Amino acid sequence: MNPVLNSALNTTINPGMAPVATPFFFYLLAGLAIAGGVLVITRRNSVHSALALIGTLLSVAGLYLMLYAPFVAAAQIIVYAGGIMVLFLFVIMLVNIERVSKERRFNRIWPAGVSAACGLMALFVFAFVKGKALFPDRLMTLRESSNTQEIATMLYGERGKMGQYSFGQYTFTFEIASLLLLVAILGAVIMTKKKM
Amino acid sequence: MPNFVMSYLGSTVTPGQAGNQFWALIYVLIIFAGVSVAVVAMNWIERKALAHFQIRLGPMRVGPHGLLQPIADALKLMLKEDIIPAEADQFVFWVAPLIGLLAAFAVYTVIPFGPSQAVSDMNIGILFMLGVSSLGALGIVVAGWASNSHYPLIGALRSTAQMVSYEVAMGLAVVSAVLMTSLNSTGTGTLSMIGIVQAQQQQGTWFIFKFFPLGLLAFMIFAIAMIAETNRAPFDMAEAESELTAGYHTEYSGLRWSLFMLAEYAAMIAVSSIAVTLWLGGWMRPFPNLLQAPLWEFTFSLFPGLTFLGLAAIAGVGTARMPSHSFFRIQRIGLGVFASLLASIALLLLLIAVAGRSADTSIAARFSEGIGYVYWFVLKVAIFMYLFIWYRATWPRYRFDQLMRVGWKVLLPISLGVLIATAIVGVIIS
Amino acid sequence: MNAPAKDGTQDVSKPWQSEKPYLDSNELIINMGPQHPATHGVLRVILKLDGERVLGTECVIGYLHRGVEKIAENRTYAMFNPYVDRMDYVAAVSNGLGYCEAVEKLLNVEAPPRAKYIRVILTELNRIASHQLWLGTHALDIGAMTPLFYTFRDREEILKIFERYCGARLTAHAFRIGGCQYETYAGFEKDVKNFLTFVAPKIDEYEALLTTNRIWLERTKNVGVISAADAIALGVTGPVLRASGVKWDLRKAQPYAAYSDFDFEIPVGTRGDTYDRYLVRMAEMRQSLGIIEQAVNAIPEGPIMAKVPKVIKPPVGEIYHSIEAPKGELGYFIVSDGSTQPYRLRVRPPSFVNLQALDIMVRGLLVADVVAVIGTIDIVLGEVDR
Amino acid sequence: MVDKYRSQYGSALEALTYLGQNYLSVDRSLIPDLLRLLRDGEQFDYCVDITAVHYPNRENQFDVIWILYSFSRNERMRVKTQIADGASIPSCVSIWATANWLEREVYDMFGIRFEGHPDLKRILLPDGWKGHPLRKDYGILQQDKEWVQINLGIESGQ
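Residue numbers (the numbering used here), protein chains in the order written: chain A, 85 to 280; chain B, 18 to 447; chain C, 53 to 438; chain D, 3 to 160.
Right, here's the structure in full:
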């Protein structure tokens, strides 16, 4: 790993924690994540791909742990693996769409898919090459601590005292997210609304 | 070698913190063995207690008073043929019980049997537990799907919907407990399990008694939600024999089926240990602050020994009253051996307790202290286990839609209310 | 779905027809097959489900059909007596009473008073045993495991009394045409009295377990409701009819076998749902205890067998006689052509007719309720299929 | 009550009693409306039973019997009619819903067809069964030999 990142990491961890980020675990988890991702796409049976996706999510949670962000890892397990994936499996089982109709629809739109993938690939390559210039020194400065007060101050600056926080520069993004959720909920209600 | 071992015995830091993988492995093995023994004991107690509730005797043939029945069951299940339905999904069918088991046992890495008796003290302990226990629902969904037959699918969907909806109520109840931890001097709460128990110690009250109605209410919600979470007693819609034959594990047989049973019991113990840690002050003995005097300290440290002595006495009375017919001779010997085993454990514990009292810094003192912690924790969990059985004997089963109604329309609003009330009271007091 | 008519009584004559012309995509047809834990015997119910909700049911019966009525035409009157016990094997004694009384009516013979009293005592004991078996299995279907063991322990006492009286426990061939075969064994009254004092607190135990049990109420209140008008139209009788508010009991309306000498009330429900049927049957058990007590205290002395010719050859003619069996009105229509064998013997089984009401009670409920409703109608397949 | 009907229907209706149980022996043509009249006019609102008796040597071979009971008057009544073999009789499911299964059983056992019955098919015997067991000409061993041998392929039990 490049020295800058390593030293930055070491300073941020509190002294009591022995380094968990041993290379062996890192490669294991990263490998698992990639393998899971590949499996998700290649599997014909939708339940298998869902399981593979769960595998990926869990290994990513492991990666977060290695980044000394247990809270994010736990959130990842609860929200993604425990919550959303269960509902995914629910939908797969309940709707039980036959495979044939899926394939026919999939085949017709593959040109659009490929072009979108190429666009995304170009974006990644561009960011990777120009890395330094684009994000000069935006290293992860968020230090992990079990003290919720510290986290609050880090996230929301000094105003993060108990109860009087305001989102500062994140307000706009927060509103968009909630709007998105609202749309999703309405969609769900309309789609499942049977003539009772 | 001894001082090497001794140094570890005396360690006051959980292996996780000490970063010592080897010692953590030992702890994990101890906990696995402990939980398996607990599951075996639970199996026996459930059958006997349920039987005595229903004015019958329960297993009496296999070993004295059916003591060897769980072992016989385990053997039977191992020898049973492992049938996989024809078009079942081989891989998924094989993986499902493993997911269930993984979810059930992963929780034990964080359960604190004592201030330093836990595999690792994650600072997100309670979150990790909720996350992993919600993975259990995956195992069930996938099992229902893989059996590729009508009833298990419906059973699986039902039990998953039930688990997901009760997780919400459970999570909120847990949050209100965690809120209480932040009312100590430093004003910052903690998610780590050991931290929660220490907070209860500092605040001198178990959270069940804190802000009187709120703590109890949150505890009640958690107690109800945890029964639904493990598909037990009044909420056992999944294996409602009368309609869906046996729910999601209909197609399983033999060892694979026993994995599901193991997962269910392990989940029950895990969930009730969360309740104990959060509301009933984990490993703390009753009235730790009030009765500080060394005399009290000593009497409480005698409790483990006395309990085993009581058990040994019961077993002894059992051997004495065993009928003298030749058929019972072996059983009488068996029960006698069991009684003497219990008696010897009792003696050992009493010895440690007495030795511990005399010299404070000696290994024995720390040993008896450690035993005390584990004993009180296990005692509280055992009470919960008995409640599970009691519910199963008395309550009929909820219908599925009533179950969901209770989950969403009753438990959720109350737990939200309790959460808000705890927050308000907390801010006002601190 | 046949929408219920304005005044709440559905047009019951037309069985369920699905308005939807095509089989709806998520309409499920589940077979609650002949061997299913909750169908109290070999009854197959085809459930047409929309998701969890029941659209309609169709009962397929006949798995236990033994052709009892055909056999009757080839047996003499006395030889047919044991067959009658095999129909509703849970309440065998009351079957026997019905048959013997029907033939006695045909022969225009009256059983002596002592025989009548013995008959009443044994039939009421049998009613309690039948209700206890119903309560045990019904509670088990809804999930409460414990009542089953309590009820079967107490039922054991009744079966012991039958065994001491006539040698058989379940299908006790207790009565003969013209009276009873056996004089009551020494200590019969003492046993019955001990039983009365033994079982009274036990019924309170069942009540304590279930009557105010939150989940029991939730699972049985407003489940399987049938209005009085529908019940009468469907010919439903017994506790199911009384739970719907019709105060009618053959023991009071058309008393037979010394029932006129005893006073007892008829418990009646109001809403006609599963909970009311539960209450009616529990009250009926208590009433039966009262009847037995009065009968045992006032049992007359005297012969136990009327003068009945060795070979029973009733005059040509036909009669219909019915009694109040634990499940409802059990009737015998016997046509005799003067020979020793009945020309035609028709049995009117209460379970067969009550089962017909299942379709009405269950529409719109959930699968779990179908099990509860089958339990509450209290059917015995031996009687349904004959 | 009986004479009111005799005046109305004249010869087609005949009231008899045996051992205190009165019953009407009625001509086949009166059947659906007389029963409806009995239910509405005379409150015989509970149809206890519908059954039949087979008299092979009579030209009208079958007796179809309705056993009625009136709750309000606490009284029983039987209505009998005679029909020839193969003749059908109007169904009274629309009068009493209980008739549905009772008529199906009479059809199953005797082969008497009921017109207007919602779904007249066998109720106790398997659908593919040939013959109607309760007819006098149907031997008692036939049921055993026929079904057991053909379907189960084993020698009959008797």
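No residue lacks a Cβ here, since even glycine has one placed at the ideal position from N, Cα and C.
Quantities reported herein were computed from a predicted structural model and do not represent experimental measurements.
Worksheet entry | Neighbour-count burial assignment, Thr428/C, 16 or more Cβ in a 10 Å radius | buried
Worksheet item: According to the Cβ coordinates, are Ser93/D and Glu105/D closer than 7 Å?
Response: yes
Item to complete: Alpha carbon to alpha carbon, how far is Gly75/B from Phe227/C? Give it in angstroms, no decimals.
Response: 39 Å
Fill in: Spatial distance of Leu127/B from Val214/B (CA atoms)
The sequence shown places Val at residue 127/B, not Leu. Those two C-alpha atoms are separated by around 13 Å.
Discussion item. Under 8 Å, with one C-beta from each stretch per pair, do the stretch 48–67 of chain B and the stretch 265–283 of chain B reach the 3-pair mark?
Written reply: Touching, yes.
Worksheet item: In whole angstroms, what separates the C-alpha of Phe122/B from that of Tyr115/C?
Response: Roughly 48 Å separates the two Cα atoms.
Discussion item. Let's see if you can read the secondary structure: which residues bound the alpha helix (DSSP H) around Met180/B?
Written reply: His167 to Thr198
Discussion item. Just list the residues that DSSP pairs Leu382/C with in beta bridges.
Written reply: DSSP output for Leu382/C lists Ile375/C as bridge partner(s).
Worksheet entry | Distance, Phe214/C Cα to Thr263/C Cα | Distance between the alpha carbons of Thr263/C and Phe214/C: 30 Å.
Item to complete: Kindly indicate which three-state DSSP category Leu75/C falls into: helix, strand or coil?
Response: With a pLDDT of only 41 at Leu75/C, under the threshold of 50, the placement of this residue in the model should not be trusted, and no figure is reported.
Worksheet item: Is it true that the CB of Leu99/C sits closer than 7 Å to the CB of Ser109/C?
Response: The amino acid occupying residue 109/C in the given sequence is Thr; Ser does not appear at that position. Yes, Cβ-Cβ distance for Thr109/C and Leu99/C is below 7 Å.
Discussion item. Does any residue of chain C have a CB that is nearer than 7 Å to the CB of Ala410/B?
Written reply: yes
Discussion item. If I follow the unbroken alpha helix (DSSP H) through Met278/B, where does it start and stop?
Written reply: Gly271 to Trp296
Worksheet item: How would you list, in chain order, the residues of chain A whose beta-carbon sits under 8 Å from the beta-carbon of Leu152/B?
Response: Residues of chain A passing the Cβ test: Ile161, Ala165 and Gly166.
Item to complete: Mind listing the chain B neighbours of Glu104/C? Cutoff is C-beta to C-beta under 8 Å, in chain order.
Response: In chain order: Phe417 and Asp418.
Worksheet item: So what does Leu70/D bridge to, in DSSP terms?
Response: Paired residues: Cys49/D and Met79/D.
Fill in: Helix, strand or coil at Ala105/B [DSSP, three-state]
coil
Discussion item. Within 8 Å, do at least three Cβ pairs link the stretch 408–425 of chain C to the stretch 39–56 of chain D?
Written reply: no
Fill in: For Pro92/D, the residue or residues it bridges with in DSSP
Glu117/D
Worksheet item: Looking at the unbroken alpha helix (DSSP H) that takes in Tyr169/C, where does it start and where does it end?
Response: Pro165 to Ile194
Worksheet item: Per DSSP, what kind of secondary structure is Asp206/C in: helix, strand or coil?
Response: helix
Item to complete: Determine, using beta carbons only, whether Ser289/B and Val124/B come nearer to each other than 7 Å.
Response: No, these two residues do not count as a Cβ contact at 7 Å.
Discussion item. Taking its Cβ as the centre, do 16 or more other Cβ atoms sit within 10 Å of Thr177/B, making it buried, or is it exposed?
Written reply: buried
Worksheet item: Using a beta-carbon distance cut-off of less than 8 Å, what residues from the stretch 193–209 of chain C approach chain B?
Response: Asp193, Ile194, Gly195, Ala196, Met197, Thr198, Leu200, Phe201, Tyr202 and Arg205
Worksheet item: CB-CB under 7 Å to Ile362/B, same chain, minus the five flanking residues each way: which ones, in chain order?
Response: Phe325
Item to complete: Go ahead and label Ala135/B buried or exposed: buried means 16 or more other beta carbons lie within 10 angstroms of its beta carbon, across all protein chains shown.
Response: Burial call: buried.
Discussion item. For Ser259/B and Met337/C, I'd like the C-alpha separation in whole angstroms.
Written reply: Any reading at Ser259/B must be qualified, since the residue scores a pLDDT of 49, below 50, and its modelled position is unreliable; the value itself is stated next. Distance between the alpha carbons of Ser259/B and Met337/C: 26 Å.
Worksheet item: Would Ile445/B count as contacting chain A if we go by Cβ distances under 7 Å?
Response: no
Discussion item. Check whether the stretch 241–253 of chain C and the stretch 390–405 of chain B touch, using three or more Cβ-Cβ pairs below 8 Å as the test.
Written reply: no
Discussion item. Please report the distance separating the alpha-carbon of Ala281/C from that of Gly297/C.
Written reply: 10 Å
Discussion item. Using beta carbons (cut-off 7 Å, strictly below), is Pro169/B in contact with chain C?
Written reply: no
Worksheet item: Using DSSP with H/G/I as helix, E/B as strand and the rest coil, what is Tyr395/C?
Response: coil
Worksheet entry | C-alpha distance - Phe277/B paired with Asn248/B, whole-angstrom precision | 12 Å
Practice prompt. Could you spell out the range, first to last residue, of the beta strand (DSSP E) harbouring Asp102/C?
Written response: Arg96 to Asp102
Worksheet item: Where does Gly206/B land, buried or exposed, given buried means 16+ other C-beta within 10 angstroms?
Response: Looking at its Cβ environment, which holds 16 or more other Cβ atoms inside 10 Å, Gly206/B is buried.
Worksheet entry | Short Cβ contact (7 Å threshold) for Leu136/D with Phe116/D | no
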